[in-house]
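Here is the structure we will look at, set down as structure tokens.
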Amino acid sequence: MARAPPPVYEKFRDVQAEIERSGAAIFRDANGVESLVIHYPYSINYIHSYAEDSPFFLGLANGKLMGSKCTARRCGATFATPRGHCMRCGAATEWIDLPLRGKVHSWTTCHFGSEAFLKETPYNLALVEFEGIGSVMLVRLKDAVESDLYVGMPVEARFDPNPKYSITDVWFVPVR
Amino acid sequence: MVTGGVTKFAKAHPAMDFRLMVKRAYDYALKGIPNLTKDRIDGTRISYFSDHFSRQLKAASMVQDYLGMNPKGSVRIEWGGATGGECFQAAYEAVASGRMDVCLAAGYETMSRVATWKGNEFIALASDTNFDFPLGGFYTGYYALMVIRHIYQYLRLTRFAHIADEREAQRMAIAEGQRIMSLVSVKNHLNAMHNPYAQYPKQLTVDDVLNSEMISYPLTREQICTMSDGAAVAILCDERRAREFTDKPVRIIGVGTGTDTMRLADRPFGTVPLLPHEQTSDYEGLPYPGVHSFRAGRAAGIEAYRMAGITDPKKELDFIELHDAYASSEIQTYEDLGLCRYGEGYSFVERGDPFLKNIHYPFPTPNAGAIPVNPSGGLIACGHPVGATGLMQAVFAFWQLQGTIRKHFGDGTLQLKNPRRGAIHSHAGTGSSVTVSILERGFR
Chain X
1 MARAPPPVYE KFRDVQAEIE RSGAAIFRDA NGVESLVIHY PYSINYIHSY
51 AEDSPFFLGL ANGKLMGSKC TARRCGATFA TPRGHCMRCG AATEWIDLPL
101 RGKVHSWTTC HFGSEAFLKE TPYNLALVEF EGIGSVMLVR LKDAVESDLY
151 VGMPVEARFD PNPKYSITDV WFVPVR
Chain A
177 MVTGGVTKFA KAHPAMDFRL MVKRAYDYAL KGIPNLTKDR IDGTRISYFS
227 DHFSRQLKAA SMVQDYLGMN PKGSVRIEWG GATGGECFQA AYEAVASGRM
277 DVCLAAGYET MSRVATWKGN EFIALASDTN FDFPLGGFYT GYYALMVIRH
327 IYQYLRLTRF AHIADEREAQ RMAIAEGQRI MSLVSVKNHL NAMHNPYAQY
377 PKQLTVDDVL NSEMISYPLT REQICTMSDG AAVAILCDER RAREFTDKPV
427 RIIGVGTGTD TMRLADRPFG TVPLLPHEQT SDYEGLPYPG VHSFRAGRAA
477 GIEAYRMAGI TDPKKELDFI ELHDAYASSE IQTYEDLGLC RYGEGYSFVE
527 RGDPFLKNIH YPFPTPNAGA IPVNPSGGLI ACGHPVGATG LMQAVFAFWQ
577 LQGTIRKHFG DGTLQLKNPR RGAIHSHAGT GSSVTVSILE RGFR
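Here the protein sequences line up with chains X and A, keeping their order.
Letter 22 of the first sequence, counting from 1, is numbered 22 in this note's numbering, and no numbers are missing.
Letter 121 of the second sequence, counting from 1, is numbered 297 in this note's numbering, and no numbers are missing.
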């Protein structure tokens, strides 16, 4: 048994292309050192529980945005992104309904992204603040381009009619 | 600290796996110190950020193994982007507690084993996977959100307060912020021209930086560090043994760590924890930290300065190697570390304070030399192999304080004149954990 060695490349980019095609390549560096490089895929499906955050995601599926409020009478901190216990005093929180309108606290347009989101670029991310709520919420901001966006822009929530039980079930758009 | 070593950081080192990279840095550190042999090392602290990058769990055991350190004690350290800085402090603690006389801190990352955008995905998994990651998890996006607010707070509401049209004022403020961030990028890339370990030494103009690809508005490619392969080691020991190993030891006189919420969205709007040279009245009405500042960096600075007895860092430090994963976070960090007041970061750059005196930048830098920041070129120009980065800073700071930059770089341009004290700053996860360590020359 003999197998011819895989093709040799001097550019790492070519090595990457080759291993996707045939599974193996040899990289020769500037010093003439040769390294065998192979394709080594990895994928997994997690059994991901939302646990104490679950009501929030069930709420999205019913067109509701839920935050949380500390139950300690002397604290009463409110959080736009919910949390089971108060980060100030440690008391349990209760669920509250958030307004469906808010204002842009900060924003960006991503022209690149992680591999999982590259095909969605460009997309906008925004932190949204709500009247009377002590923290903000990270969302996708749609129906607007980079030059439209500014701090303080009024925005409102939209919900996916076919919810996937993901934070992407809600997004915001400018109030027209 | 008695010695250190660094591999050249590169986009990819296919001919070296992580074990060999660490070995190279380790051999470099031991070279020329005949008294410091492997048997004098009591144990190790080994850092790398992500198991995903090499799909090898317990990889630190393989480093320990390759270096022939078994059966000595070892612990793997991971703290996001601050992994290297935390490893340095873990080794410090091993020695300071008396548990070890001599401890090796070694760190590495091999990020080239996955495609760049997959690597970005792995990094983005260091954000809340219920609420943040699925929206388009991307670290440059997160830092862009933070700097847009920083610009709003500290340029829109100050320099552009007189512009009545809100949107026009914000556009002008962002353009100003982008221009000033570009000065930082030019500085770090140009400093790195004299650092042979740097991945991206470049002579850039402000326009080159501004015109490079937009990655996540307002951050362009040249304002962002890249992924790297690399390793770095530092060897720490108690004071008595230090003299046996070298006549130029460096003392670690302060360590600090700080943390903040994992989600940007949860950052509170409270008050500024003050440094000794600041007053409550400096920050009347400033919601802090919000998303514009790094409370973890401030907390780490407070702890480290207190331990080192530093009351005015700009006056009492000679240089800082800080975690400039983004040109924006370098500016934010000047303020967190008290090199200037909150809100003064942009003018601090424009005045030239963080620039080197003896390098000619393509714009005026009147205060150059006031407190050089990232004389080595920082992460933006040197690269950011996460688990090695904080240790790389320690090694560059160590050589700076020893006065041996010329020896190790083959070029003395970056050597500061007689520096006595320097700080290193390592930062993780949108500011969710930060370390600051203060190093001081330990010889006359």
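The C-beta atom is built at its ideal place from N, Cα and C for all residues, glycine as well.
Keep in mind that this is a model prediction, so the values were computed, not measured.
Closest to residue i by CA distance: which of the options is it?
i	options	result
serine 49 of chain X	X:Leu36, X:Tyr123 and X:Phe57	X:Phe57
asparagine 124 of chain X	A:Phe307, A:Gly317, A:Thr292 and A:Asn306	A:Gly317
glycine 181 of chain A	A:Tyr224, A:Asn211 and A:Ala281	A:Ala281
serine 384 of chain A	A:Gly313, A:Gln375, A:Val360 and A:Ser404	According to the sequence as given, residue 384 of chain A is aspartate; it is not serine. Aspartate 384 of chain A has its Cα closest to that of A:Val360, out of A:Gly313, A:Gln375, A:Val360 and A:Ser404.
glycine 90 of chain X	X:Gln16, X:Arg74, X:Glu115 and X:Thr81	X:Arg74
aspartate 120 of chain A	A:Ala337, A:Ala258, A:Asn211 and A:Asp442	Any answer about residue 120 of chain A is impossible in this case: the structure gives chain A only from 177 up to 620.
glycine 102 of chain X	X:Pro174, X:Ser68, X:Glu94 and X:Gln16	X:Pro174
methionine 238 of chain A	A:Tyr284, A:Ser457, A:Gly313 and A:Asn296	A:Tyr284
alanine 351 of chain A	A:Met369, A:Tyr328 and A:Asp193	A:Tyr328
valine 15 of chain X	A:Gly473, A:Arg216, A:Ser288 and A:Ile253	A:Ser288
alanine 126 of chain X	X:Pro163, X:Val151, X:Thr78 and X:Asn162	X:Val151
tyrosine 393 of chain A	X:Lys69, X:Ser106, X:Gly134 and X:Glu156	X:Ser106
glycine 256 of chain A	A:Glu460, A:Arg617 and A:Thr606	A:Thr606
histidine 560 of chain A	A:Tyr224, A:Asp203, A:Arg216 and A:Ile217	A:Tyr224
arginine 158 of chain X	X:Lys164, X:Asp148, X:Leu149 and X:Asp169	X:Asp169
proline 449 of chain A	A:Thr305, A:Ile478, A:Ile486 and A:Ile339	A:Ile478
glycine 63 of chain X	X:Arg176, X:Lys164, X:Ser166 and X:Asp160	X:Asp160
histidine 365 of chain A	A:Phe531, A:Asp193 and A:Pro452	A:Phe531
Going by other Cβ atoms of all chains shown within 10 Å of its Cβ, with 16 needed for buried, is residue i buried or exposed?
i	result
alanine 4 of chain X	exposed
proline 542 of chain A	exposed
cysteine 263 of chain A	buried
alanine 2 of chain X	exposed
aspartate 247 of chain A	Correcting the residue identity first, residue 247 of chain A is proline in this sequence and not aspartate. Classification of proline 247 of chain A: exposed, given that the 10 Å Cβ count is below 16.
histidine 584 of chain A	buried
serine 54 of chain X	exposed
leucine 590 of chain A	buried
glutamine 379 of chain A	exposed
aspartate 143 of chain X	exposed
glutamine 455 of chain A	exposed
glycine 135 of chain A	Past the boundaries of the shown model lies residue 135 of chain A; chain A is included only from 177 to 620, so the question cannot be answered.
alanine 51 of chain X	exposed
valine 525 of chain A	buried
glutamate 131 of chain X	exposed
glutamate 18 of chain X	buried
serine 552 of chain A	buried
isoleucine 581 of chain A	buried
Using DSSP with H/G/I as helix, E/B as strand and the rest coil, what is residue i?
i	result
valine 251 of chain A	strand
glutamate 460 of chain A	coil
tyrosine 518 of chain A	coil
phenylalanine 57 of chain X	helix
histidine 601 of chain A	strand
lysine 142 of chain X	coil
methionine 137 of chain X	strand
valine 175 of chain X	coil
arginine 617 of chain A	strand
leucine 243 of chain A	coil
tyrosine 42 of chain X	coil
leucine 311 of chain A	helix
phenylalanine 421 of chain A	helix
alanine 408 of chain A	strand
glutamate 454 of chain A	coil
threonine 334 of chain A	coil
lysine 199 of chain A	helix
histidine 370 of chain A	helix
glycine 446 of chain A	strand
glutamate 10 of chain X	coil
lysine 103 of chain X	strand
valine 362 of chain A	helix
proline 151 of chain A	The requested residue 151 of chain A is not part of the displayed model; chain A covers only 177 to 620.
Over the uninterrupted alpha helix (DSSP H) stretch that includes residue i, give me the two end residues.
i	result
cysteine 70 of chain X	It is not in any alpha helix (DSSP H) - cysteine 70 of chain X instead sits in the beta strand (DSSP E) that spans 66-70.
phenylalanine 264 of chain A	259-272
Name the two residues that bound the continuous beta strand (DSSP E) containing residue i.
i	result
glycine 432 of chain A	426-435
asparagine 124 of chain X	123-129
histidine 326 of chain A	Premise fails: histidine 326 of chain A lies in the alpha helix (DSSP H), 315-327, not in any beta strand (DSSP E).
tyrosine 284 of chain A	278-286
glutamate 94 of chain X	93-97
arginine 28 of chain X	24-28
glycine 180 of chain A	179-182
What does residue i reach in chain B if we use C-beta pairs closer than 9 Å?
i	result
arginine 140 of chain X	In summary, chain B is missing from the structure at hand, where the protein chains are X and A.
**Asked** For the region 375-404 of chain A, which segments carrying the alpha helix (DSSP H) assignment without a break, of at least 4 residues, lie completely within its bounds, in sequence order?
**Response** 382-387
**Prompt:** In chain order, which continuous runs of the alpha helix (DSSP H) of length 4 or greater are located wholly inside the region 500-572 of chain A?
**Reply:** 503-512, 521-527 and 554-558
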